[in-house]
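Participant: So the sequences go chain by chain: A and B.
Each residue of the first sequence is one higher than the last, beginning at 1 in my numbering.
Each residue of the second sequence is one higher than the last, beginning at 617 in my numbering.
Glycine is no exception: its CB is placed at the ideal position from the N, C-alpha and C atoms.
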Amino acid sequence: MASVATKPIVEQDDLIIEEYGYDDHFHDHHHGDKYQSNFLTTYVFSQDHKIIAKQFLITGMFWAVVGGLMSLVFRLQLGFPEENMAWLKPVLGKWININDGIGTLSPEFYYALVTMHGTIIVFFVLTAGLSGTFSNLLIPLQVGARDMASPFLNMLSYWFFFLAGVIMFLSLFLSTGPFSGGWTAYPPLSALPQASSGSGAGMTLWLLSLVFFVVSVLLGGINYITTVLNLRTKGMTMWRLPLTIWAFFVTAVLGLLSFPVLVSGFLMLMLDRGLGTSFFLSEIYIGGQALDHVGGSPILYQHLFWFLGHPEVYIIILPAMGLVSEVLSVHSRKPIFGYKAMVYSILAIGFLSFIVWAHHMFMSGVNPFISNFFVIFTLIIAVPSAVKVFNWIATLYGGNVRFTSASLFAIGFVSLFISGGLTGIFLGNSAIDIQLHDTYFVVAHFHIVMGVAAFFGMFAGVYQWFPKMYGRFMNETLGKIHFWGTIIGSYAIFWPMHYLGMAGVPRRYYSFDSFDAFKHFAEMNQFITVAAILTFAFQILFVINFFYSIWKGKKMTTKNPWGATTLEWTTPIETGHGNWPGKIPAVQRWAYDYGKDGKDFIAQIEPLAEGESETH
Amino acid sequence: MNAVVTSEVYSRNKIHPKKFALIAACAGMFMSFIALTSAYIVRQAAGNWLEFQLPAIFYYNTLVVVASSLFLHFSYKGFLKGNTRQYRFSMVAAFVLGLLFLVLQYQGWHEMDNLGLGLTVNPSSSFIYLISGWHAAHILGGIGVLAVALLHAFLLVHKVTVKRKQRFELTLIFWHFVDFLWVYLLVFFTIQS
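1. Under 9 Å, CB to CB, which of the residues in the region 37 to 61 of chain A have a partner in chain B?
2. I want to see whether chain A comes within less than 8 Å of Asn-664 (chain B), judged by CB atoms only; does it?
3. Would you please verify whether the beta carbon of Leu-652 (chain B) is less than 8 Å from any beta carbon of chain A?
4. Counting along the chain, where does the beta strand (DSSP E) carrying Asn-673 (chain A) start and finish?
5. I'd like the span of the beta strand (DSSP E) that includes Leu-105 (chain A), first residue to last.
6. Can you check whether the C-beta of Ile-789 (chain B) is within less than 8 Å of a C-beta belonging to chain A?
7. With burial defined as no fewer than 16 other Cβ atoms inside 10 Å of the residue's Cβ, what is the status of His-616 (chain A): buried or exposed?
8. Which runs of the alpha helix (DSSP H), 4 residues or longer, sit entirely within the region 458 to 533 of chain A?
9. Any idea if Val-773 (chain B) is buried or exposed, counting beta-carbon neighbours within 10 angstroms, 16 or more meaning buried?
10. I want to verify the contact list: residues of chain A whose CB lies under 8 Å from the CB of Met-645 (chain B), in sequence order.
11. Taking the Cβ atom as the reference point for each residue, do His-498 (chain A) and Ala-444 (chain A) lie within a distance shorter than 8 Å?
12. What does DSSP give as the partner residues of Lys-555 (chain A) in its beta bridges?
13. At a CB-CB cut-off below 7 Å, which residues of chain B make contact with Thr-226 (chain A)?
14. Per DSSP, which one or two residues make a beta bridge with Phe-601 (chain A)?
15. Using only the alpha-carbon positions, how far apart do Ser-490 (chain A) and Phe-305 (chain A) sit?
16. Can you list, in chain order, the residues of its chain whose CB lies under 6 Å from that of Ser-651 (chain A), leaving out five sequence neighbours each side?
17. Determine, using beta carbons only, whether Trp-798 (chain B) and His-768 (chain B) come nearer to each other than 8 Å.
18. Using a Cβ cut-off of 7 Å, which residues of the region 480 to 513 of chain A contact any Cβ in chain B, in chain order?
19. Give me the Cα-Cα distance between His-577 (chain A) and Trp-159 (chain A), rounded to the nearest whole angstrom.
20. Am I right that Ala-252 (chain A) and Ser-135 (chain A) are in contact with their C-beta atoms under 8 Å? What's the rounded C-beta distance?
21. Whose CA, out of B:His-726, B:Ile-639, B:Gly-714, lies closest to the CA of Gly-757 (chain B)?
22. Give a yes or no on whether 8 Å exceeds the smallest Cβ distance from His-356 (chain A) to chain B.
23. The alpha helix (DSSP H) with Asn-738 (chain B) in it runs from where to where?
24. Only counting the same chain, and skipping five residues up and downstream in sequence, which positions put a Cβ closer than 7 Å to that of Ala-453 (chain A)?
25. Going along chain D in order, which residues have a C-beta closer than 9 Å to the C-beta of Leu-735 (chain B)?
26. Sort out for me which residues DSSP pairs Tyr-224 (chain A) with in a bridge.
27. Nearest chain B C-beta to Ile-222 (chain A) closer than 8 Å, yes or no?
28. Distance, Cα to Cα, Leu-231 (chain A) vs Leu-267 (chain A)?
29. Using DSSP bridges, identify the partner residues of Gln-289 (chain A).
30. With burial defined as no fewer than 16 other Cβ atoms inside 10 Å of the residue's Cβ, what is the status of Phe-483 (chain A): buried or exposed?
31. Hey, Leu-652 (chain B) and Leu-746 (chain B) are a contact pair by Cβ (cut 8 Å); roughly how many whole angstroms apart?
32. Identify each residue in the region 144 to 170 of chain A for which the Cβ-Cβ distance to at least one residue of chain B is less than 7 Å, and report them in chain order.
33. Leaving out the 5 sequence neighbours to the left and right, which residues in its chain are closer than 7 Å to Val-228 (chain A) when beta-carbon positions are compared?
34. Give a yes or no on whether 8 Å exceeds the smallest Cβ distance from His-303 (chain A) to chain B.
35. Which chain A residues are close to Val-658 (chain B), counting only those with a beta carbon under 9 Å from its beta carbon?
36. Would the beta-carbon of Ala-509 (chain A) fall within 8 Å of that of Gln-77 (chain A)?
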């Protein structure tokens with residue numbers, strides 16, 4: 001590979017790896033050439049986990065911009081329903097109706113935008129973009145592996161995601177519009193092609209896209225699990241893994257066990273749509289005509305959907321938690337507080353996430369006694385979550401905190417997770433949910449706790465590991481502006497929504513013009529819309545910073561710029577295929593030896609000094 | 617022919633990563649069937665559920681699929697021992713029985729249809745078609761894998777290398793999985809009715 005002349009300095013850690021690492025004869029066989037012989041195999045159909053990570057990240061960023069822009073359009077409708085939207089006609093075409101020169105957003109398309117915003121952000125950005133990026137980048141690097149267990153399946157995982165994206169993107173341009181029945185795709189709107197304009201071809205493409213997406217998640221997840229369990233380097237016991245890896249591992253297990261359940265639900269939905277079965281459809285009249293369907297249960301779909309859907313929110317938040325734990329520890333120059341408690345709480349959250357799904361269905365007519373069961377487990381999940389929050393704060397406490405863009409976003413994550421998590425305790429009570437369900441209170445809750453918070457974890461990760469990805473730094477000043485704009489902006493968007501929700505303002509409504517009870521919230525809605533536009537503008541700043549820094553950012557001059565202990569920083573600045581040019585490093589200690597025995601940090605590859613005890 | 621284990625053993629793991637990955641994948645597939653059978657129970661409890669006896673052919677067919685699994689195992693033993701005849705012909709038997717299973721499943725669906733238990737008649741029949749059909753799709757995948765193994769058996773010289781042994785083991789795991797999946801489903805249908 002033609003590399004820029006980086007000084008071939010032999011550093012201390014190279015010597016340690018040479019002495020203590022072990023030789024797997026990786027470089028004897030010239031794998032590198034097989035994988036990266038031309039442009040196509042290096043950058044497009046790459047089997048190198050680091051390139052695949054970048055592919056996931058950049059595709060995720062594309063979708064984040066699309067999903068974000070969609071939210072701005074429907075926020076304009078909610079904040080400024082009377083304004084002329086004719087200027088959007090060149091982009092949205094027939095979805096802007098023009099009457100007497102005044103353009104209005106068509107209600108059908110409003111629902112399509114809300115649906116697509118949810119689908120895109122939940123699946124394409126916060127699942128594929130977050131877990132896909134960082135599991136790929138960090139698992140092999142931090143456990144000390146040459147690559148994933150199956151680089152080929154790993155490549156397929158990305159391309160199935162890409163295919164899912166292409167199909168979803170095409171559905172945006174259908175003349176009947178994309179699916180518009182909500183990201184949860186409840187029947188009958190999803191089961192009857194004639195139910196709404198998006199329920200026909202739009203829903204068919206939605207289903208197809210998500211089936212490919214599930215294939216992508218499963219291929220990725222199987223690889224992540226196998227790599228963590230089977231390809232750890234010498235000395236890397238499970239209890240020496242960085243918390244990032246624990247989080248990615250449990251995330252992958254959740255995905256492996258819950259996404260197939262969604263597929264089963266989709267199969268039944270497809271049969272209902274195409275072959276006339278009645279799994280989810282009961283007696284229905286459409287256009288004055290009775291349909292043949294008898295005795296189906298739409299609630300059954302909700303059970304199957306939320307059996308995935310709830311673990312899914314942890315699939316989104318756990319990787320963010322892992323990234324934040326790592327970033328906070330590195331930048332407060334202290335060991336993570338309560339490492340084992342952190343691991344056990346990840347495991348507890350993972351387990352509990354499977355037995356709380358019906359709290360999404362309290363008001364759908366499920367038996368109230370069954371609801372009690374789900375209330376209890378929902379409230380119990382607050383315990384491991386609180387353990388994590390306590391440990392993050394304790395990690396920061398008394399630390400010598402470096403306020404970098406990465407650590408600011410990690411601290412922001414903790415703030416958001418607390419304020420969004422507390423409202424979860426309200427919503428988890430089935431009695432309070434009678435008032436709050438389907439209101440903006442719910443919208444505020446989940447956007448803060450798993451939407452914005454997960455984005456913050458992702459930003460922390462990108463700023464932290466950007467040097468590992470591209471050998472350059474992102475601009476810190478822009479990063480800090482991005483942080484302050486985003487955290488203030490996000491709270492400005494979602495905090496007022498709690499008030500709307502408590503007053504009973506329902507979510508998913510196109511307009512509140514005809515509701516006297518909600519009219520006085522018009523100004524608050526305007527405020528939210530303006531805040532959303534400004535916050536989005538700060539994200540554009542991030543995108544510019546990202547791409548500018550790939551080519552023009554400040555170059556990395558040392559291998560370990562943050563002074564971190566983990567293995568990825570022992571690889572060369574320009575990390576080639578196989579990650580380590582010579583032997584694989586052996587691990588001698590856990591990942592959090594910061595400030596031990598008067599040293600700023602001790603890398604995982606350093607053997608215990610004489611008389612040093614491993615206990616921390 | 618002489619069967620000799622060549623090449624070094626994978627040193628770092630008790631279980632080969634690919635084997636482990638396949639087992640994890642099977643766990644994922646199994647979850648999809650758990651979901652369908654759970655949905656079956658929930659829907660059945662809700663009433664408007666037509667009870668009927670599963671056609672006998674599904675029971676006979678279980679013997680077919682179990683026999684196929686046994687033959688493949690026998691073939692594996694032959695492969696290890698260097699007994700080429702046992703290796704090849706047991707695998708042919710496993711493959712043919714696998715195909716026969718699909719044909720008989722199709723006959724079973726026909727028989728149900730003839731009894732007036734079509735796909736859309738009642739959720740109870742819809743579930744049978746869906747679950748057995750989804751299972752048949754997995755069997756079809758298994759048959760594809762067996763076809764490759766069959767080609768290996770007849771086109772390659774019989775030599776027990778680490779790579780071929782692993783490959784056979786992967787085939788074996790998946791085929792046993794889809795076969796015993798059917799046993800699980802049949803027991804489930806029988807207990808539930």
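Facilitator: By the coordinates alone:
1. Listed in chain order, the positions of the region 37 to 61 of chain A with a beta carbon within less than 9 Å of a beta carbon of chain B would be empty, since no residue qualifies.
2. yes
3. Chain A contact via Cβ: present.
4. This structure cannot speak to residue 673 (chain A), because chain A is shown only from 1 to 616.
5. Residue range 102 to 105 is occupied by the beta strand (DSSP E) that includes Leu-105 (chain A).
6. no
7. exposed
8. 476 to 502
9. exposed
10. Pro-260
11. yes
12. A:Arg-472
13. Pro-633, Phe-636, Ala-637, Ala-640
14. A:Tyr-594
15. Going by the C-alpha atoms only, they are around 28 Å apart.
16. Since the first residue shown for chain A is 1 and the last is 616, residue 651 (chain A) is missing from the structure and cannot be characterised.
17. Taking 8 Å as the Cβ cut-off, Trp-798 (chain B) and His-768 (chain B) do not qualify as a contacting pair.
18. none
19. 20 Å
20. 7 Å between Cβ atoms; contact.
21. B:Gly-714
22. Looking at the sequence provided, one finds Val at residue 356 (chain A) rather than His. Closer than 8 Å: no.
23. Counting along the chain, Asn-738 (chain B) falls outside any alpha helix (DSSP H), and DSSP gives it neither H nor E.
24. Ile-317, Ala-320, Phe-413, Leu-416, Phe-417, Gly-420
25. You won't find chain D in this structure, because its protein chains are A and B.
26. DSSP, once it has assigned bridges, lists no residue as partnering Tyr-224 (chain A).
27. yes
28. 35 Å
29. A:Ile-286
30. When all chains shown are included, Phe-483 (chain A) counts as buried.
31. About 7 Å; that satisfies the 8 Å criterion.
32. Ala-149, Ser-150
33. Within the same chain, Cβ atoms closer than 7 Å to the Cβ of Val-228 (chain A) are found at Ile-139, Val-143, Ile-245, Phe-249, the five residues on either side in sequence being excluded.
34. yes
35. Ser-297, Ile-299, Leu-300, His-303
36. In the sequence as displayed, the identity of residue 509 (chain A) is Tyr instead of Ala. It is not a contact, given that the beta carbons lie outside the stated cut-off.
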